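Note sheet for the following structure.
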Amino acid sequence: MYKKFIKLLPGLLIIGLLSFGCAQSPDVKQEMTPKASQTQQQAEKNVYKGTIVGKSNKAKTISIEVGKGKQAQTMMVKFDDQTKGVEHAVKGHAAIITFEKRGNDVYAKVIKQKLAKLPQGVTEIKTEELSALVTNAHKMYLVDSRPASRYGQSHLPGAVSIPVPILKEKQAALLPVDKNELLIFYCGGPT
Amino acid sequence: MSTASAGLAKKFGYKNVRVYLDGEPAWAKAYLPTYATHDFIKNGNVVLVDVRPSEEAVKGRIKGAYSIPYEQLDDRLDDIPRNAPVILYGDQEVLDAMEDMRDDGFKFVSLVRGGFAGWIASGEAIEKGPIFNTEIRWVRKLGKGEVSLDDFRKAASGEDKDAIIIDARTKEEVAELGTFKNTINIPLDEIPARMNELPKDKKIYVHCSTGARADMAYKELIKSGYNAKFLLLNIADAECDCEIIRP
Chain H
1 MYKKFIKLLP GLLIIGLLSF GCAQSPDVKQ EMTPKASQTQ QQAEKNVYKG
51 TIVGKSNKAK TISIEVGKGK QAQTMMVKFD DQTKGVEHAV KGHAAIITFE
101 KRGNDVYAKV IKQKLAKLPQ GVTEIKTEEL SALVTNAHKM YLVDSRPASR
151 YGQSHLPGAV SIPVPILKEK QAALLPVDKN ELLIFYCGGP T
Chain U
192 MSTASAGLAK KFGYKNVRVY LDGEPAWAKA YLPTYATHDF IKNGNVVLVD
242 VRPSEEAVKG RIKGAYSIPY EQLDDRLDDI PRNAPVILYG DQEVLDAMED
292 MRDDGFKFVS LVRGGFAGWI ASGEAIEKGP IFNTEIRWVR KLGKGEVSLD
342 DFRKAASGED KDAIIIDART KEEVAELGTF KNTINIPLDE IPARMNELPK
392 DKKIYVHCST GARADMAYKE LIKSGYNAKF LLLNIADAEC DCEIIRP
C-alpha cells in the first residue's frame with residue numbers, strides 16, 4: 001500500500017499542478033500533496049494564486065483561497081482605485097493577485113485571471129461543438145468530473161459521473177476499453 | 192477537476208481526450224437541457240414540478256411532485272424558491288418551461304430523464320388522485336459555517352449570553368439603517384486588524400446586509416481560531432424579525 005503510494009506520487013504531483021481547471025467545490029476531497037509551505041511562499045513573493053471566494057465592493061475587499069487541501073487558507077486583500085484588473089475578481093474564478101503591504105493592510109496591485117492549462121495533447125471543446133455531438137448521438141464517452149452530488153443535481157445528457165478521486169482510484173477500469181474512443185471531461189467552471 | 196481527469200486519461204493511454212472547460216454552468220446558460228438523477232429527485236432537498244396539464248397529474252405523477260401546468264408557470268414563478276434545486280418534467284413543453292425559468296434567473300433547473308414515462312419505466316414510485324399540496328414548501332439546509340436564524344435571534348435578543356454578534360457592514364450603513372441589539376460593528380475590511388478585540392471562548396455570529404461580507408469575515412475569523420459562524424440572509428427580509436436599534 002505504502003509502496004503503491006510512492007509510485008503514484010509523481011503522478012499525483014502533476015495532477016495537483018494541473019487541477020485548477022475548474023471552479024473549486026467546497027466538498028471536493030482535495031489531493032493531499034505535500035505543499036506545506038506554498039501559502040508561505042506565495043505570501044513572501046507578495047502573490048496569491050487561487051480561487052476567489054468573495055468580493056465586496058462596499059468594503060473594497062476580496063477573499064481568495066490559496067493552497068490545496070488541508071493547507072488551503074482564505075486570504076483577505078483590499079483594493080482601491082489604483083488596483084488593476086478588479087473585474088477579474090469574480091467569485092468562483094481562479095485569479096492571481098499581486099499585492100503590497102501598507103501598514104497593517106494588504107492591498108491588491110494587480111489582479112489577473114488564472115487560465116486553466118490543458119494537459120499536453122488535450123484540446124478544449126466549446127458548447128456549440130459539444131451540443132452538436134450530443135444532438136447527433138456521436139459515439140463518445142462524456143464524463144462529469146465533479147463530486148457525485150453535483151452530478152445528481154444537474155448533468156449533461158448522456159454524461160457518466162466519475163469524480164476525480166474515483167478516477168484516481170479505479171483508473172482506466174471506469175473508462176471505455178477502446179483507447180481511441182473520444183473522451184470528453186467537464187466540470188463546474190470556470191464560471 | 193476536468194483538466195485533472197483529462198491528464199489521468201492521457202496517462203492511461205487514451206488518445207482522443209478533450210475538455211469542456213466551460214462546463215455545466217455554460218451548458219445550462221446556453222439553455223441546453225441538464226438532468227437530475229433519480230436518487231437526487233427522491234432524496235435531495237428539491238422542488239419537483241409536473242408541468243403537464245393538471246388532469247394528467249391527477250391520473251398519475253411522480254411521488255412528491257407539485258403540479259404547475261405550463262400555462263400557469265409564468266404566474267406562479269414567484270411561488271417557487273429561487274435558490275432551490277428545481278426539477279421539471281412533462282412532455283414537449285418541459286423544454287420551454289426550463290428555458291423560461293432559467294431566463295427568469297433560476298440557477299438550478301434540471302429535468303427528469305425520459306419524463307414521467309421514463310420514471311415509470313424505471314419502476315419508481317408514483318402517486319395518483321387529487322392534488323392537495325399546492326403551496327410549495329421548501330426549507331434551505333444550512334451550509335458550512337452558517338448560523339441558523341433561531342440561534343442568531345437568541346444572540347440578538349440577549350438570551351444566549353455565550354454568543355457575540357458582529358455587524359460587518361460599513362459605519363455609514365449602520366448609521367443609516369440601524370443595527371441589531373448586542374452587536375459590535377466591525378466593517379469587513381477592519382476585521383483582520385480588530386479581531387483581537389474578540390474573545391476566543393465565545394460563539395461569534397457575523398452578519399452583513401446579504402451574507403456575502405459575513406461569509407468572508409467568517410472565513411477570516413475561522414482561520415485565526417475563532418468559533419465563528421455567519422448569517423446568510425438579507426437582513427431586510429421580514430423573516431429575520433430581530434429588533435433594530437438606532438445608534
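The listed protein sequences derive, respectively, from chains H and U. So in the working numbering, spot 106 of the first sequence is number 106, and the numbers just go up one at a time. So in the working numbering, spot 235 of the second sequence is number 426, and the numbers just go up one at a time. The beta carbon of each residue, even a glycine, is placed where N, CA and C say it ideally should be. Predicted model only: the values in this text are computed from it and were never measured.
Would residue i pass as a contact of residue j if the rule is Cβ separation under 8 Å?
i, j, result
"U/A256", "U/V237", "no"
"H/G50", "H/V66", "yes"
"U/G235", "U/P276", "yes"
"U/I436", "U/H398", "no"
"H/M140", "H/L174", "no"
"H/P157", "U/Y205", "no"
"U/G320", "U/V249", "yes"
"H/V187", "U/S193", "Checking the displayed sequence, the identity of residue 187 of chain H turns out to be Cys instead of Val. Yes, they are a contact pair."
"U/E364", "U/I382", "no"
"H/V77", "H/I64", "yes"
"U/P272", "U/W329", "yes"
"H/L197", "U/S196", "Any question about residue 197 of chain H goes unanswered here, given that chain H covers just 1 to 191."
"H/D80", "H/K112", "no"
"H/H155", "H/S149", "no"
"H/V110", "H/T98", "yes"
"U/F203", "H/Q171", "yes"
"H/G152", "U/F231", "yes"
"U/N373", "U/A347", "yes"
"U/D213", "H/T135", "no"
"U/L264", "U/D291", "yes"
"U/G198", "H/P119", "yes"
"H/L130", "U/Y211", "yes"
With a cut-off of 8 Å on the beta carbons, I'd call residue i and residue j a contact; round off their distance for me.
i, j, result
"H/E108", "H/T83", "The sequence given here has Ala at residue 108 of chain H, not Glu. Indeed they touch by this definition, with Cβ atoms about 5 Å apart."
"U/L379", "U/A366", "Going by Cβ atoms, the distance from U/L379 to U/A366 rounds to 16 Å, so no, they are not a contact pair."
"H/E87", "U/R209", "Actually they are not in contact, since the Cβ atoms of H/E87 and U/R209 sit about 29 Å apart, beyond 8 Å."
"H/G121", "U/K345", "Actually they do not touch by this definition, with Cβ atoms about 58 Å apart."
"U/I253", "U/I317", "6 Å"
"U/A354", "U/Y396", "6 Å"
"H/V177", "H/A159", "In fact, because the Cβ distance is near 19 Å, the residues do not count as touching under 8 Å."
"U/R243", "H/S56", "About 44 Å; that fails the 8 Å criterion."
"U/N376", "U/K393", "That belief does not hold up - the Cβ atoms of U/N376 and U/K393 are roughly 17 Å apart, past 8 Å."
Tell me the DSSP bridge mates of residue i?
i, result
"H/K60", "Answer is none; H/K60 lacks a bridge partner."
"H/H93", "DSSP, once it has assigned bridges, lists no residue as partnering H/H93."
"H/G54", "H/S63"
"U/R209", "H/T123, H/I184"
"H/K112", "H/I96"
"U/F371", "U/I435"
"H/R239", "Here chain H has residues from 1 to 191 only, and residue 239 of chain H is not among them."
"U/E337", "U/F421"
"U/A197", "Looking at the DSSP assignment, U/A197 forms no beta bridge with any residue, so it has no partner."
"U/R252", "U/E318"
"U/L239", "U/I278"
"U/Y396", "U/I356, U/K420"
Note down, in chain order, each residue of its chain lying with its Cβ closer than 6 Å to the Cβ of residue i, except the 5 sequence neighbours on either side.
i, result
"U/L423", "E337, G402"
"U/S258", "D241, S245, A248, I322"
"H/D105", "K78"
"U/A419", "I395, Y409, L412, I413"
"H/P26", "Since pLDDT at H/P26 reaches only 43, below the 50 mark, its modelled position is unreliable, and no value is offered."
"U/G251", "I317, K319"
"U/D342", "none"
"U/E430", "none"
"H/A72", "E65"
Quick one: what's got a C-beta closer than 8 Å to residue i's C-beta in the same chain, skipping five residues either side?
i, result
"U/G369", "I435, I436, R437, P438"
"U/S415", "M386"
"U/D287", "Y261"
"H/K179", "none"
"U/E215", "T225"
"H/S145", "C22, I162, P163, V164, L167, F185, Y186, C187"
"U/E284", "V242, R243, Y261"
Output needed for residue i: all residues of its chain with C-beta closer than 7 Å, excluding positions within five of it in sequence on either side, in chain order.
i, result
"U/M289", "P224, L279, V300, L302"
"U/P229", "As written in the sequence, residue 229 of chain U is His, which differs from the Pro given in the question. Closer than 7 Å at the Cβ level, and outside the excluded window around U/H229, lie S313, E315."
"U/C433", "R344, A347, F371"
"H/M32", "With a pLDDT of 43 at H/M32, under the threshold of 50, the modelled position of this residue cannot be trusted; read the value that follows with caution. Contacts found: G69, K70."
Residues of the region 76-95 of chain H with Cβ closer than 7 Å to any Cβ of chain C, in chain order: This model lacks chain C altogether, as its protein chains are H and U.
Runs of beta strand (DSSP E) lying entirely within the region 125-162 of chain H, each at least 3 residues, in chain order: Here the runs fully enclosed are 141-144.
In chain order, each beta strand (DSSP E) run of at least 3 residues that lies wholly inside the region 268-356 of chain U: You should have 277-280, 300-303.
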